[in-house]
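A quick write-up on the structure given underneath.
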Amino acid sequence: MKFSEKFGKMESNILLDLDEAKRKLEAQGREVINLSIGTPDFPPDKHVMDAVSKAFQDPKNYVYGMTESDELIEAVSNWYKRRYGVDVSRENICAVNGSQEGIAHIAFPICNPGDTVLVPDPCYQIFSFGPTMADVNLEYMPLRKENDYIIDLDAIPVEVAKKAKMMVVSYPNNPTTAHANKDFYEKLVAFAKKYDIIVIHDNAYSEFIYDYEPGISFLSVDGAMDVGIEFNSLSKTYNLTGLRLSFAIGNEEVIKRFKSFRSQIDYGICMGLQIAAIEALNGPQDVVERNRAEYKRRRDTLCKGLNDIGWKVPYTDSTMFTWFPIPPNYTSSEKFTFDLLEMAGVLCVPGVSFGKEGEGYVRMALVQSVENLEKAIENIKNSGILEK
Numbered sequence: 192m193k194f195s196e197k198f199g200k201m202e203s204n205i206l207l208d209l210d211e212a213k214r215k216l217e218a219q220g221r222e223v224i225n226l227s228i229g230t231p232d233f234p235p236d237k238h239v240m241d242a243v244s245k246a247f248q249d250p251k252n253y254v255y256g257m258t259e260s261d262e263l264i265e266a267v268s269n270w271y272k273r274r275y276g277v278d279v280s281r282e283n284i285c286a287v288n289g290s291q292e293g294i295a296h297i298a299f300p301i302c303n304p305g306d307t308v309l310v311p312d313p314c315y316q317i318f319s320f321g322p323t324m325a326d327v328n329l330e331y332m333p334l335r336k337e338n339d340y341i342i343d344l345d346a347i348p349v350e351v352a353k354k355a356k357m358m359v360v361s362y363p364n365n366p367t368t369a370h371a372n373k374d375f376y377e378k379l380v381a382f383a384k385k386y387d388i389i390v391i392h393d394n395a396y397s398e399f400i401y402d403y404e405p406g407i408s409f410l411s412v413d414g415a416m417d418v419g420i421e422f423n424s425l426s427k428t429y430n431l432t433g434l435r436l437s438f439a440i441g442n443e444e445v446i447k448r449f450k451s452f453r454s455q456i457d458y459g460i461c462m463g464l465q466i467a468a469i470e471a472l473n474g475p476q477d478v479v480e481r482n483r484a485e486y487k488r489r490r491d492t493l494c495k496g497l498n499d500i501g502w503k504v505p506y507t508d509s510t511m512f513t514w515f516p517i518p519p520n521y522t523s524s525e526k527f528t529f530d531l532l533e534m535a536g537v538l539c540v541p542g543v544s545f546g547k548e549g550e551g552y553v554r555m556a557l558v559q560s561v562e563n564l565e566k567a568i569e570n571i572k573n574s575g576i577l578e579k
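Its first residue numbered 192, the sequence shown is counted upward by one per residue in the working numbering.
In structure tokens form, the structure reads like this:
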């Protein structure tokens, strides 16, 4: 059999290797505290589960959801207005099967093969993999501690900016946990207008900022609707990761072309899931504050505990993740991650898996109870890995 040369050259996701190592330990009877993948351990609200259950008792909700229902468009529009002060209508909204699917495909209707796309480094892997599938050239925008992990737009070479067709931005940021203020977004819009670049903003974590004001929408900045779109997800906000419910929202022409592209590969969002989204967006919102408070409690537990045992880490302030420098006795984030799993039974993700600028860091997800986090801290302390 013959296979794709392009995809054959791509490395498999390191999460697969880590999961295999985890399975081997568990097969030996070892307990593993999994802080790798960002899947909330909180249940969805009952009113959402009840709405899903009722919806799937109706046979008509099993047909293709070729387009977004009027009720879904209204729910998304009202939520964006209520939450961000942004006015959007049907022409600005495209439902997708999770932001990952949407971001994986967005370069296809925007870019020609050989075009230039700007992506952050480190970044959530689909930000680079999606455009790569579309045969574009990637130029990386480094996210560094000295800039608080905010993209330095002034550092992008003029010749690169002039070539760029699209750029991917995401704040609050996975994996660095940085969040951006309105000043940055205003500069971003000006930059995009100056160089005629389409901005793709992933806004999955706007509800999870702990020590500052809640996150804003890129689209709330004057002129943003002229230069780009934003992906927003129900997955983390409403604990619905498995339902794959997200939206691309923004520039009418980009959304029109994206919908046209998706019509060739997808038949839309199942009507039963559209009903779930409507219920989540229109229903009680106390789940959001509940989640935020618990993630903050877990952040405080993990950061304080690690500092207390001698691993000096910052108190990261947004998303459902933490982003820590590896201990000074290590130089490889991958080596540290596998040693941490083997010696302490704690699974995290090496920073280098998000890009070369992520080397020297690890990402830990706040997806375990405070009790399990305390156990993880004790395991790390007793493992001797900080003294290795």
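All residues carry an ideal CB built from backbone N, CA and C; glycine is no exception. Since the structure is predicted, the reported quantities are computational estimates derived from the model, not experimental observations.
At a cut of 8 Å, does the stretch 353 to 368 reach the stretch 434 to 452 through at least three beta carbon pairs? No: fewer than three Cβ pairs fall under 8 Å.
Give the DSSP-derived three-state secondary structure of Pro519 in the structure shown. Counting from 1 along the sequence shown, the entry for residue 519 is found at position 328. When secondary structure is reduced to three states using DSSP, Pro519 falls in the coil class, being assigned neither helix nor strand.
Specify the secondary structure class of Arg288 as computed by DSSP and reduced to three states. Here the question's residue 288 lines up with position 97 in the sequence shown. The identity of residue 288 in the sequence shown is Asn, whereas the question assumes Arg. DSSP places Asn288 in the coil class of the three-state scheme, outside both helix and strand.
Candidates Glu550, Glu578, Leu532: closest to Gly501 by CA position: If you number the sequence shown from 1, residue 501 lands on position 310. Of the candidates Glu550, Glu578, Leu532, the residue whose Cα lies closest to the Cα of Gly501 is Glu578.
Taking the continuous beta strand (DSSP E) assigned at Glu330, which residues delimit it? Numbered from its first residue, the sequence shown carries residue 330 at position 139. From DSSP, the beta strand (DSSP E) with Glu330 extends over 328 to 333.
Anyone know if the C-beta pair for Phe515 and Leu497 falls short of 9 Å? Numbered from 1 along the sequence shown, position 324 holds the residue referred to as residue 515. Numbered from 1 along the sequence shown, position 306 holds the residue referred to as residue 497. In this structure, Phe515 sits near Leu497, with a CB-CB distance shorter than 9 Å.
Nearest-angstrom Cα distance between Ala439 and Thr230? Along the sequence shown, read from residue 1 onward, the residue named residue 439 stands at position 248. Along the sequence shown, read from residue 1 onward, the residue named residue 230 stands at position 39. Straight-line measurement puts the Cα of Thr230 at about 21 Å from the Cα of Ala439.
DSSP on Ala304, reduced to helix/strand/coil? Mapped onto the sequence shown, residue 304 falls at position 113. Just to set this straight, residue 304 is Pro in the shown sequence, not Ala. In the structure shown, the three-state DSSP call for Pro304 is coil.
Judging by CA-CA distance, which residue of Thr528, Phe409, Cys461, Glu217 is the nearest neighbour of Gly256? The residue you call residue 256 lines up with position 65 of the sequence shown. Out of Thr528, Phe409, Cys461, Glu217, Cys461 has the C-alpha closest to the C-alpha of Gly256.
Just how far apart, CA to CA, sit Ala484 and Val445? In the sequence shown, the residue the question calls residue 484 occupies position 293. In the sequence shown, the residue the question calls residue 445 occupies position 254. Just so you know, the alpha carbons of Ala484 and Val445 end up roughly 36 Å apart.
Can you tell me the Cα-Cα spacing of Met324 and Ile294, whole angstroms? Mapped onto the sequence shown, residue 324 falls at position 133. Mapped onto the sequence shown, residue 294 falls at position 103. The straight-line gap from Cα to Cα measures roughly 11 Å.
Please give the ranges of any beta strand (DSSP E) in the stretch 476 to 546, keeping only runs that are unbroken, at least 3 residues long and fully inside the region. The stretch 476 to 546 is shown to contain whole beta strand (DSSP E) runs of 3 or more residues at 512 to 516, in chain order.
Residue from Asn394, Pro313, Asp306 whose Cα sits closest to the Cα of Tyr353: Residue mapping note: residue 353 aligns to position 162 of the sequence shown, counting from 1. Here residue 353 turns out to be Lys, not Tyr, going by the sequence shown. Nearest in C-alpha terms to Lys353, of all of Asn394, Pro313, Asp306, is Asp306.
Can you tell me which of Glu377, Ala346, Ile400, Lys356 puts its alpha carbon nearest to the alpha carbon of His370? What you label residue 370 is simply residue 179 of the sequence shown in a count that begins at 1. The candidate whose alpha carbon is nearest that of His370 is Ile400.
Can you name the start and end residues of the alpha helix (DSSP H) that Asp178 belongs to? Outside the displayed range of the chain (192 to 579) lies residue 178, so it cannot be described from this structure.
Rounded to a whole number of angstroms, what is the C-alpha to C-alpha distance between Gln559 and Phe247? Working through the sequence shown from its first residue, we reach residue 559 at position 368. Working through the sequence shown from its first residue, we reach residue 247 at position 56. Roughly 31 Å between the two C-alpha positions.
Are there three or more Cβ pairs, one per stretch, closer than 8 Å when the stretch 460 to 479 is compared with the stretch 261 to 271? Judged by Cβ distances under 8 Å, the stretch 460 to 479 makes contact with the stretch 261 to 271, as three or more pairs qualify.
What are the start and end residues of the alpha helix (DSSP H) that includes Val412? What you label residue 412 is simply residue 221 of the sequence shown in a count that begins at 1. Annotation: Val412 is outside any alpha helix (DSSP H) and is labelled neither H nor E by DSSP.
Within the same chain, show all residues whose beta-carbon is closer than 6 Å to that of Gly289, passing over the 5 residues directly before and after it, in chain order. Your numbering for residue 289 matches position 98 in the sequence shown. Answer for Gly289: Arg435, Ser437, listed in chain order.
Using three-state DSSP, classify Pro322 as helix, strand or coil. Here residue 322 refers to the residue found at position 131 of the sequence shown. In the structure shown, Pro322 sits in a helix (DSSP, three-state: H, G or I).
Cβ-Cβ separation, Met358 to Val390 (assumed contact under 8 Å), whole Å: For the purposes of this step, residue 390 is identified with residue 199 of the sequence shown, where counting begins at 1. For the purposes of this step, residue 358 is identified with residue 167 of the sequence shown, where counting begins at 1. Right, the Cβ-Cβ distance comes to about 6 Å (below 8 Å), so this counts as a contact.
Secondary structure of Pro311, DSSP reduced to three states: Indexing the sequence shown from 1 puts residue 311 at position 120. Strand.
For Leu209 and Leu538, believed in contact at Cβ under 8 Å, the rounded distance: Taking the first residue of the sequence shown as 1, we reach residue 538 at position 347. Taking the first residue of the sequence shown as 1, we reach residue 209 at position 18. Confirmed, about 6 Å.
Considering only the alpha carbon of each residue, which of Ser260, Gly549, Arg490, Val540 lies closest to Ile205? Numbered from 1 along the sequence shown, position 14 holds the residue referred to as residue 205. The alpha carbon of Ile205 has as its nearest neighbour, out of Ser260, Gly549, Arg490, Val540, the alpha carbon of Val540.
What does a CB cutoff of less than 7 Å around Ser319 pick up in its chain, not counting 5 residues either side in sequence? The count along the sequence shown starts at 1 and reaches residue 319 at position 128. Cβ within range, chain order: Val310, Leu329.
For Val360, list the residues DSSP reports as bridge partners. Position 169 of the sequence shown holds residue 360. Within the DSSP bridge table, the entry for Val360 names His392 as partners.
Measure the alpha-carbon distance for Val418 versus Arg489 and round it to whole angstroms. Position 227 of the sequence shown, counting from 1, holds the residue named residue 418. Position 298 of the sequence shown, counting from 1, holds the residue named residue 489. Taking the straight line from one Cα to the other gives about 37 Å.
The alpha helix (DSSP H) with Arg214 in it runs from where to where? Taking the first residue of the sequence shown as 1, we reach residue 214 at position 23. Taken as a continuous stretch (DSSP letters only), the alpha helix (DSSP H) holding Arg214 covers 205 to 218.
Could you round the C-beta distance between Asn570 and Ala535 to whole angstroms and report it? I think they count as a contact, below 8 Å. What you label residue 570 is simply residue 379 of the sequence shown in a count that begins at 1. What you label residue 535 is simply residue 344 of the sequence shown in a count that begins at 1. Taking C-beta atoms under 8 Å as the contact rule, Asn570 and Ala535 qualify, at a distance of about 4 Å.
Where Asp326 and Ala355 are concerned, what is the direct C-alpha to C-alpha distance, given to the nearest angstrom? For the purposes of this step, residue 326 is taken as residue 135 along the sequence shown, with counting starting at 1. For the purposes of this step, residue 355 is taken as residue 164 along the sequence shown, with counting starting at 1. C-alpha separation (whole angstroms): 14 Å.
What do you get for Gln455, buried or exposed, if any count of 16 or more other CB atoms within 10 angstroms of its CB means buried? Taking the sequence shown and counting its residues from 1, the one referred to as residue 455 is at position 264. Per the 10 Å Cβ criterion, exposed.
Whole angstroms are fine: how far does the CA of Gly321 sit from the CA of Lys251? The residue labelled residue 251 in the question sits at position 60 within the sequence shown. The residue labelled residue 321 in the question sits at position 130 within the sequence shown. Computed Cα separation, rounded: 34 Å.
Give the straight-line distance between the Cα atoms of Asn520 and Asp530, rounded to the nearest whole angstrom. Here the question's residue 520 lines up with position 329 in the sequence shown. Here the question's residue 530 lines up with position 339 in the sequence shown. If you draw a straight line from the Cα of Asn520 to the Cα of Asp530, it comes to about 12 Å.
List the residues that DSSP assigns as beta-bridge partners of Ser437. Residue numbering aside, residue 437 sits at position 246 when the sequence shown is read from its first letter. According to DSSP, which records beta bridges pairwise, Ser437 is partnered with Val287, Ser424.
Excluding the five sequence neighbours on either side, which residues of its own chain have a C-beta within less than 7 Å of the C-beta of Lys378, listed in chain order? As a working note, residue 378 is residue 187 in the sequence shown. Leu344, listed in sequence order.
Which of helix, strand or coil does DSSP assign to Ile400? By one-based count along the sequence shown, residue 400 stands at place 209. In the three-state reduction of the DSSP assignment, Ile400 falls in the strand class.
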